[in-house]
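K.L.:
Residue 384 in the working numbering sits at position 222 of the sequence shown; the count goes up by one each step and never skips.
This is the structure, below, for whatever I ask next.
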Amino acid sequence: MSVPMPVLNILRGIPRAARSRNPQLHAAALQPWAARRSVHGTGKRSAQAAAVYAVEPSLPEVPLSSNPQLAFPCLDNVEERTQKLSRRSMSGPEPSYTTGKHETFRSDEAILLDWGGVLPRFDIAYETWGTLNADKSNAVLLHTGLSASSHAHSTETNPKPGWWEKFIGPGAPLDTDKYFVICTNVLGGCYGSTGPASLDPTSQQPYATSFPILTMQDMVRAQFRLLDGLRINKLYASVGCSMGGMQSLAAGVIDKDRVGRIVSVSGCARSHPYSIAMRHTQRQVLMSDPNWATTRGNYYSSVPPHQGMKLAREIATITYRSGPEWEKRFGRQRADPSRPPALCPDFLIETYLDHAGEKWCLEYDANSLLYVSKAMDLFDLGKQLQDSTAERRRENAGKLQGTMSQQVPQDACSLVLPDKPYEEKESSEDIMASEKPGVQHLDSASEDLVKGMASLRDTPTLVVGVASDILFPAFQQREIAETLRKAGNRLVTHVEFGEDRSLFGHDTFLLDLEGVGGEIKKFLG
Numbered sequence: 163m164s165v166p167m168p169v170l171n172i173l174r175g176i177p178r179a180a181r182s183r184n185p186q187l188h189a190a191a192l193q194p195w196a197a198r199r200s201v202h203g204t205g206k207r208s209a210q211a212a213a214v215y216a217v218e219p220s221l222p223e224v225p226l227s228s229n230p231q232l233a234f235p236c237l238d239n240v241e242e243r244t245q246k247l248s249r250r251s252m253s254g255p256e257p258s259y260t261t262g263k264h265e266t267f268r269s270d271e272a273i274l275l276d277w278g279g280v281l282p283r284f285d286i287a288y289e290t291w292g293t294l295n296a297d298k299s300n301a302v303l304l305h306t307g308l309s310a311s312s313h314a315h316s317t318e319t320n321p322k323p324g325w326w327e328k329f330i331g332p333g334a335p336l337d338t339d340k341y342f343v344i345c346t347n348v349l350g351g352c353y354g355s356t357g358p359a360s361l362d363p364t365s366q367q368p369y370a371t372s373f374p375i376l377t378m379q380d381m382v383r384a385q386f387r388l389l390d391g392l393r394i395n396k397l398y399a400s401v402g403c404s405m406g407g408m409q410s411l412a413a414g415v416i417d418k419d420r421v422g423r424i425v426s427v428s429g430c431a432r433s434h435p436y437s438i439a440m441r442h443t444q445r446q447v448l449m450s451d452p453n454w455a456t457t458r459g460n461y462y463s464s465v466p467p468h469q470g471m472k473l474a475r476e477i478a479t480i481t482y483r484s485g486p487e488w489e490k491r492f493g494r495q496r497a498d499p500s501r502p503p504a505l506c507p508d509f510l511i512e513t514y515l516d517h518a519g520e521k522w523c524l525e526y527d528a529n530s531l532l533y534v535s536k537a538m539d540l541f542d543l544g545k546q547l548q549d550s551t552a553e554r555r556r557e558n559a560g561k562l563q564g565t566m567s568q569q570v571p572q573d574a575c576s577l578v579l580p581d582k583p584y585e586e587k588e589s590s591e592d593i594m595a596s597e598k599p600g601v602q603h604l605d606s607a608s609e610d611l612v613k614g615m616a617s618l619r620d621t622p623t624l625v626v627g628v629a630s631d632i633l634f635p636a637f638q639q640r641e642i643a644e645t646l647r648k649a650g651n652r653l654v655t656h657v658e659f660g661e662d663r664s665l666f667g668h669d670t671f672l673l674d675l676e677g678v679g680g681e682i683k684k685f686l687g
């Protein structure tokens with residue numbers, strides 16, 4: 163006799179992975195049906211039915227329901243991945259996040275970071291393309307986005323296509339017949355450069371969340387150490403997109419005499435509240451993963467927070483593309499319209515996000531995401547922050563003494579959450595009433611930005627924005643251009659692609675070879 167449909171519905175409600183790991187759950191679901199058969203049945207009990215009676219009586223019976231219990235294969239996948247990772251962590255060792263062969267520059271000289279942290283030594287992973295000329299005047303430093311490695315283009319030792327493969331090469335926007343292109347993995351990353359997953363030379367354990375807070379400027383200073391090692395005194399150009407667009411500007415502000423030209427694509431001069439909010443949400447989701455929360459980020463000998471990373475990536479993916487593109491690409495299509503709706507990924511857009519998170523959740527270190535994204539939030543080229551940072555660096559300069567032989571004293575985090583929640587200081591109606599429709603102007607805060615970027619008044623700069631970008635909205639690139647012009651720079655080229663040109667949102671810089679690439683090639687040439 164077959165198992166009745168109500169019982170099958172109960173079984174479907176128990177994740178497959180859980181049933182396979184714990185036969186008692188399977189038996190518990192069958193118990194009421196088996197008990198009835200013991201009264202009315204006439205034959206011998208099967209081995210399966212007999213096993214029901216071996217179940218401990220303390221296990222509760224699963225009640226029957228009037229409707230079928232939904233299945234949750236998406237949660238089954240999480241459980242199965244956790245099991246696989248648990249087995250791996252017990253057998254060790256931890257896998258490397260590094261993606262292919264690259265060069266490594268090691269600085270044995272300690273580096274002081276903007277918020278007082280010190281790294282006794284550090285590595286910078288990098289790759290190069292083209293040939294450095296005799297006077298070393300043709301070097302282009304390419305800055306990456308948040309999660310990119312140094313592998314922007316294929317090499318002989320790593321033939322895998324890079325993240326900007328078509329933009330680099332002979333005749334390409336970064337023309338390797340003309341330029342010597344250098345790309346690094348940022349300080350704080352996990353693709354060969356020193357970051358939270360690296361060993362602390364003092365403890366010989368991964369830094370984890372004892373890694374110091376970083377800034378964009380810290381990352382650029384580490385890159386400058388690499389340039390010192392290569393004996394490159396001045397860059398032909400500092401080029402970057404997204405987070406790299408922040409760094410390309412920061413490089414010029416830190417040392418205007420070291421940067422000949424700046425290209426900033428889909429970047430900003432200071433982080434906007436919306437992008438800060440989106441990155442904050444990603445970090446909160448990630449830190450809520452029990453594998454992160456219970457270890458406070460010290461997960462390197464156990465299961466990494468893969469589910470938190472998956473969800474964080476899904477949130478990030480939403481900010482990378484645009485609604486109009488997804489309307490054309492996915493619409494309201496469901497993955498399988500012939501089946502009933504499900505609470506797991508069902509619409510095509512849901513399956514796309516699920517795949518994006520699934521693919522990435524073990525490719526990047528969770529702590530690197532926390533630290534690098536926080537550095538993006540802290541970015542502000544305003545004069546006031548630059549001055550306070552310079553003062554803090556002077557106060558902490560003594561920390562560099564003796565860092566090679568002893569542990570550096572670190573100030574404990576003194577952040578205390580406010581007793582009262584945030585209260586609105588101004589109503590939305592008041593804010594709207596104070597703004598003139600369609601008019602954007604430089605306010606007092608931007609005057610601070612003008613002072614902070616005044617050192618770039620003589621640096622040729624290309625600023626590119628995309629109207630469909632919701633993560634780095636086009637008004638932020640307009641702000642860069644207007645600020646530079648107000649600071650006296652007459653060598654600013656500002657290009658903004660409308661939705662008629664690109665619907666790909668923030669990721670346009672990865673996809674639009676003709677538009678973005680064409681403007682870069684023209685500017686550098």
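Glycine included, every Cβ here is placed at the ideal spot set by N, Cα and C.
Can you list the alpha helix (DSSP H) stretches of 4 or more residues lying completely in the region 369-394, in chain order?
P.N.:
As far as the region 369-394 is concerned, its whole alpha helix (DSSP H) runs of at least 4 residues are 378-391.
K.L.:
Work out the CA separation of N529 and Q367 for me, nearest whole Å.
P.N.:
Sequence index remark: in the sequence shown, residue 367 carries index 205 (1-based). Sequence index remark: in the sequence shown, residue 529 carries index 367 (1-based). Those two C-alpha atoms are separated by around 15 Å.
K.L.:
At what residues does the beta strand (DSSP E) containing A636 begin and finish?
P.N.:
Here residue 636 refers to the residue found at position 474 of the sequence shown. Taken as a continuous stretch (DSSP letters only), A636 belongs to no beta strand (DSSP E), being part of the alpha helix (DSSP H) at A636 to K648.
K.L.:
Is the shortest distance between the beta-carbon of L540 and the beta-carbons of chain B less than 8 Å?
P.N.:
Any reference to chain B falls outside this structure, which holds one protein chain only.
K.L.:
Between the Cα of C523 and those of F492, P466, S484 and R491, spot the shortest distance and give me the residue it belongs to.
P.N.:
For this step, residue 523 is matched to residue 361 along the sequence shown. It is P466.
K.L.:
Measure the C-alpha to C-alpha separation of P583 and N395 and round it to an integer number of angstroms.
P.N.:
What you label residue 583 is simply residue 421 of the sequence shown in a count that begins at 1. What you label residue 395 is simply residue 233 of the sequence shown in a count that begins at 1. Each residue's alpha carbon lies about 50 Å from the other.
K.L.:
I'd like to know if the region 664-675 and the region 480-489 are in contact, where contact means that at least 3 CB-CB pairs between them fall below 8 Å.
P.N.:
Yes, since at least three Cβ pairs between the region 664-675 and the region 480-489 fall closer than 8 Å, the two stretches touch.
K.L.:
Out of T356, I273 and D516, point me to the one whose CA is closest to L562's CA.
P.N.:
Residue numbering aside, residue 562 sits at position 400 when the sequence shown is read from its first letter. Nearest of T356, I273 and D516 to L562, Cα basis: I273.
K.L.:
If S433 and D549 are in contact, beta carbons under 8 Å, what's the gap, nearest whole angstrom?
P.N.:
On the sequence shown, residue 433 is found 271 positions in, with the first residue counted as 1. On the sequence shown, residue 549 is found 387 positions in, with the first residue counted as 1. About 19 Å separates the two Cβ atoms, so there is no contact after all.
K.L.:
Please report how far the alpha carbon of D339 lies from the alpha carbon of L303, in whole angstroms.
P.N.:
If you number the sequence shown from 1, residue 339 lands on position 177. If you number the sequence shown from 1, residue 303 lands on position 141. Whole-angstrom Cα-Cα distance: 16 Å.
K.L.:
In this structure, how does DSSP classify T261 when only helix, strand and coil are distinguished?
P.N.:
For the purposes of this step, residue 261 is identified with residue 99 of the sequence shown, where counting begins at 1. It is coil, neither helix nor strand.
K.L.:
Please confirm whether T266 and G351 have their CB atoms less than 8 Å apart.
P.N.:
What you label residue 266 is simply residue 104 of the sequence shown in a count that begins at 1. What you label residue 351 is simply residue 189 of the sequence shown in a count that begins at 1. No, Cβ-Cβ distance for T266 and G351 is not below 8 Å.
K.L.:
Out of D380, P580 and D581, point me to the one whose CA is closest to R555's CA.
P.N.:
Reading the sequence shown from its first residue, position 393 is the one you call residue 555. The shortest Cα separation from R555 among D380, P580 and D581 belongs to D380.
K.L.:
For V165, collect the residues of the same chain with a Cβ closer than 6 Å to its Cβ; drop the 5 residues on either side in sequence, then sort them by chain order.
P.N.:
Within the sequence shown, residue 165 is the residue found at index 3, counting from 1. Because the pLDDT at V165 is just 44, under 50, the model does not fix this residue reliably, and the value given afterwards should be weighed accordingly. Nothing listed; no residue qualifies.
K.L.:
For T317, which of helix, strand or coil comes out of DSSP?
P.N.:
Stepping through the sequence shown from its first residue, residue 317 is reached at position 155. The answer is coil: DSSP assigns T317 none of H, G, I, E or B.
K.L.:
Quick check on DSSP: helix, strand or coil for T443?
P.N.:
Position 281 of the sequence shown, counted from the first residue, corresponds to residue 443. DSSP places T443 in helix when its eight states are reduced to three.
K.L.:
Would you grab the beta carbon distance between V612 and A649 for me? Rounded to a whole angstrom, and I think it's under 8 Å.
P.N.:
As a working mapping, residue 612 is identified with position 450 in the sequence shown. As a working mapping, residue 649 is identified with position 487 in the sequence shown. Between A649 and V612 the Cβ distance is about 5 Å, and since that is below 8 Å, they are a contact.
K.L.:
If we call anything under 8 Å between Cβ atoms a contact, is T356 one with L281?
P.N.:
As a first step, residue 356 is located in the sequence shown; it is residue number 194 there, counting from the start. As a first step, residue 281 is located in the sequence shown; it is residue number 119 there, counting from the start. For T356 and L281, yes; Cβs fall inside 8 Å.
K.L.:
Hey, out of E658, A455 and D620, whose CA is closest to R647's CA?
P.N.:
In the sequence shown, residue 647 corresponds to position 485, counting from 1. Among E658, A455 and D620, the Cα nearest to that of R647 belongs to D620.
K.L.:
Of the choices I511, A431 and I375, whose alpha-carbon is the least far from that of W277?
P.N.:
Against the sequence shown, residue 277 aligns to sequence position 115. Checked all of I511, A431 and I375; the closest Cα to W277 is I375.
K.L.:
Give every residue of the same chain whose Cβ lies closer than 6 Å to the Cβ of Y341, excluding the five residues on either side of it in the sequence, and list them in chain order.
P.N.:
Position 179 of the sequence shown, counting from 1, holds the residue named residue 341. Excluding sequence neighbours, Y341 sits near G292, N300 and V302.
K.L.:
To which residues of the same chain is D573 closer than 8 Å at the C-beta, ignoring the five residues directly before and after it?
P.N.:
Indexing the sequence shown from 1 puts residue 573 at position 411. Any reading at D573 is ruled out, since the residue's pLDDT is 49, under 50, leaving its predicted position unreliable.
K.L.:
Short check: CB of A412 to CB of T645, under 8 Å?
P.N.:
Counting from 1 along the sequence shown, the entry for residue 412 is found at position 250. Counting from 1 along the sequence shown, the entry for residue 645 is found at position 483. Contact flag unset, no.
K.L.:
Along the beta strand (DSSP E) that carries F342, what are the first and last residues, could you check?
P.N.:
Along the sequence shown, one-based indexing puts residue 342 at 180. Start and end: F342 to T346.
K.L.:
Taking only the alpha-carbon atoms, compute the straight-line gap between K683 and P323 and give it to the nearest angstrom.
P.N.:
As a working mapping, residue 683 is identified with position 521 in the sequence shown. As a working mapping, residue 323 is identified with position 161 in the sequence shown. Approximately 21 Å between the Cα atoms of the pair.
K.L.:
Under three-state DSSP, which class holds Y763?
P.N.:
What is shown of the chain runs 163 to 687, which leaves residue 763 out entirely.
K.L.:
For a quick check, are the C-beta atoms of D527 and A384 less than 8 Å apart?
P.N.:
In the sequence shown, the residue the question calls residue 527 occupies position 365. In the sequence shown, the residue the question calls residue 384 occupies position 222. No, Cβ-Cβ distance for D527 and A384 is not below 8 Å.
K.L.:
Count the C-beta pairs between the region 416-423 and the region 495-511 that are closer than 8 Å, then say yes if the count reaches three, no if not.
P.N.:
No: fewer than three Cβ pairs fall under 8 Å.
K.L.:
Since G704 and K545 should fall inside the 8 Å C-beta cutoff, what is the C-beta to C-beta distance between them, to a whole number of angstroms?
P.N.:
Residue numbering for the chain in the displayed model covers 163 to 687; residue 704 lies beyond these limits and cannot be assessed.
K.L.:
Would E289 and H305 qualify as a contact pair, given that the criterion is a beta-carbon distance under 8 Å?
P.N.:
Numbered from 1 along the sequence shown, position 127 holds the residue referred to as residue 289. Numbered from 1 along the sequence shown, position 143 holds the residue referred to as residue 305. Result no, Cβ atoms of E289 and H305 do not sit closer than 8 Å.
K.L.:
Whole angstroms is fine: what's the gap from K418's alpha carbon to S400's?
P.N.:
For this step, residue 418 is matched to residue 256 along the sequence shown. For this step, residue 400 is matched to residue 238 along the sequence shown. When rounded, the distance between both Cα atoms is 11 Å.
K.L.:
Over the uninterrupted alpha helix (DSSP H) stretch that includes A474, give me the two end residues.
P.N.:
Indexing the sequence shown from 1 puts residue 474 at position 312. Per DSSP, A474 belongs to the alpha helix (DSSP H) from H468 to Y482.
K.L.:
Specify, as a first and last residue, the run of the beta strand (DSSP E) that A552 falls within.
P.N.:
Looking up residue 552 in the sequence shown gives position 390. Note, A552: premise wrong, no beta strand (DSSP E); alpha helix (DSSP H) at K545 to N558.
K.L.:
Once DSSP output is grouped into helix, strand and coil, what is the label at G350?
P.N.:
As a working note, residue 350 is residue 188 in the sequence shown. The answer is coil: DSSP assigns G350 none of H, G, I, E or B.
K.L.:
Between A559, A439 and T364, which lies nearest to L275 when the distance is taken from Cα to Cα?
P.N.:
Residue mapping note: residue 275 aligns to position 113 of the sequence shown, counting from 1. Comparing Cα positions, the closest option is A559.
K.L.:
With 16 other CB atoms within 10 Å as the buried threshold, where does K490 fall?
P.N.:
Position 328 of the sequence shown, counted from the first residue, corresponds to residue 490. With fewer than 16 other Cβ atoms within 10 Å, it is exposed.
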